[in-house]
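Undergrad:
Numbering (our numbering), first residue to last: -19 to 70.
#1: How would you call residue 36, buried or exposed, if buried means at least 16 neighbouring beta carbons within 10 angstroms?
#2: With a Cβ-Cβ cutoff of 9 Å, do residue -12 and residue 11 count as a contact?
#3: DSSP has residue 45 in a bridge; who is on the other side?
#4: Looking only at its chain, what residues have a beta carbon closer than 7 Å to the beta carbon of residue 33, apart from the 5 residues adjacent to it on each side?
#5: By DSSP's criteria, residue -14 is part of a beta bridge. Which residues make up the other side?
#6: Please return the same chain residues whose Cβ sits closer than 8 Å to the Cβ of residue 27, not counting the five positions on each side in sequence.
#7: So, are the CB atoms of residue -18 and residue 40 less than 9 Å apart?
#8: Helix, strand or coil for residue -19? Go by DSSP, reduced to three states.
Encoded structure:
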C-alpha cells in the first residue's frame, strides 16, 4: 500500500491544492498539522533537508517537495505511477 504523508498548517492555500489533488486521485494520506504537532515541524525540517514552507510531501518515504512539485509531477504523468504502483504490484 502506498504511504503518502503531507505536512501542513491551517489556512494554507497550497496545502489545500495539494490535498485536493490527492483527494481527486482517490488516495488516502497522513496529514501532519505542524501548528498542532510541534514535534512534526522538526521532523519535517529534517526530512525535507530544511524545507520550511508547507506543504511538504512524501510518497513511500521519498521526498516530493511542495505543492508546485506535486502538481508538476502530476502534469508530467509521474504522480500516478508513484501512488498506484504498489497497489498493482502488491
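For glycine and all other residues, C-beta sits at the position ideal for the given N, C-alpha and C.
TA: Quick look at the numbers:
#1: Reading the chain shown from its first residue, position 56 is the one you call residue 36. Classification for residue 36: buried.
#2: Stepping through the chain shown from its first residue, residue -12 is reached at position 8. Stepping through the chain shown from its first residue, residue 11 is reached at position 31. Cβ distance < 9 Å, so residue -12 and residue 11 count as in contact.
#3: On the chain shown, residue 45 is found 65 positions in, with the first residue counted as 1. In the DSSP output, where bridge partners are listed per residue, residue 45 has 37.
#4: On the chain shown, position 53 is the one that residue 33 refers to. Same-chain partners within the cutoff: 46.
#5: Translated into positions along the chain shown, residue -14 becomes position 6. Bridge partners of residue -14: 11 and 37.
#6: If you number the chain shown from 1, residue 27 lands on position 47. Excluding positions up to five away in sequence, the list reads 36, 38 and 43.
#7: For the purposes of this step, residue -18 is identified with residue 2 of the chain shown, where counting begins at 1. For the purposes of this step, residue 40 is identified with residue 60 of the chain shown, where counting begins at 1. Cβ distance < 9 Å, so residue -18 and residue 40 count as in contact.
#8: In the chain shown, the residue the question calls residue -19 occupies position 1. The answer is coil: DSSP assigns residue -19 none of H, G, I, E or B.
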